[in-house]
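*Asks:* Taking numbering that gives the first Met the number 0, the leading residue of the sequence shown gets 0, the next gets one more, and so forth. Beta carbons: idealized from backbone N, C-alpha and C, even for Gly. Predicted, not measured: the structure shown is a model, and the values here were computed from it.
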Amino acid sequence: MPQRTCVACRKTEGKRQLVRVVRTPAGEVEVDPTGKKNGRGAYLHSDPACWDSALKRKSLQHALKTDLTDADRAALVTFRDTLAPSDPGDADQIGNQSAATPARDNGTAVAL
Numbered sequence: 000m001p002q003r004t005c006v007a008c009r010k011t012e013g014k015r016q017l018v019r020v021v022r023t024p025a026g027e028v029e030v031d032p033t034g035k036k037n038g039r040g041a042y043l044h045s046d047p048a049c050w051d052s053a054l055k056r057k058s059l060q061h062a063l064k065t066d067l068t069d070a071d072r073a074a075l076v077t078f079r080d081t082l083a084p085s086d087p088g089d090a091d092q093i094g095n096q097s098a099a100t101p102a103r104d105n106g107t108a109v110a111l
């Protein structure tokens with residue numbers, strides 16, 4: 000299986016697990032759901048955090064070797080807004096004890 004690297008977090012995944020963004024020969028930047036459009040491509044996880052990072056740090060612009068226009072950026076942000084976090088369970092775990100993990104009995108009451 001072909002491997003690709005997310006331009007935001009630099010983690011390597013299978014090509015099908017990432018979203019391809021392409022700079023077409025006409026110079027337009029667009030999301031390529033098929034992964035087969037002609038042009039220079041860059042890959043991102045389908046996690047909004049990776050999209051935010053790539054847009055903020057300009058790693059997407061660097062990988063595509065182009066400057067993003069306001070219209071390009073707006074289209075990418077609109078696509079990012081359609082994505083769900085890659086592991087929604089992570090948000091529930093932050094600051095909370097997992098229900099699967101028993102509470103330690105140290106003599107104090109613990110509310111779960």
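Specify the secondary structure class of V20 as computed by DSSP and reduced to three states.
*Replies:* strand
*Asks:* Going by DSSP in three states, D66 sits in which element: helix, strand or coil?
*Replies:* DSSP, read as helix, strand or coil, puts D66 in coil.
*Asks:* Quick check on L59: does DSSP put it in helix, strand or coil?
*Replies:* helix
*Asks:* Any idea what DSSP makes of L82, helix, strand or coil?
*Replies:* coil
*Asks:* Answer with buried or exposed for H44, where buried requires no fewer than 16 other C-beta atoms within 10 angstroms of its C-beta.
*Replies:* buried
*Asks:* Taking the beta strand (DSSP E) that E12 belongs to, which residues open and close that run?
*Replies:* 11-13
*Asks:* Return the first residue and the last residue of the beta strand (DSSP E) that E29 is part of.
*Replies:* 28-31
*Asks:* Helix, strand or coil, according to DSSP, for C49 in the structure here?
*Replies:* Per DSSP, reduced to three states, the secondary structure at C49 is helical.
*Asks:* Candidates P47, G26, G13, T68: which alpha carbon is nearest A7's?
*Replies:* P47
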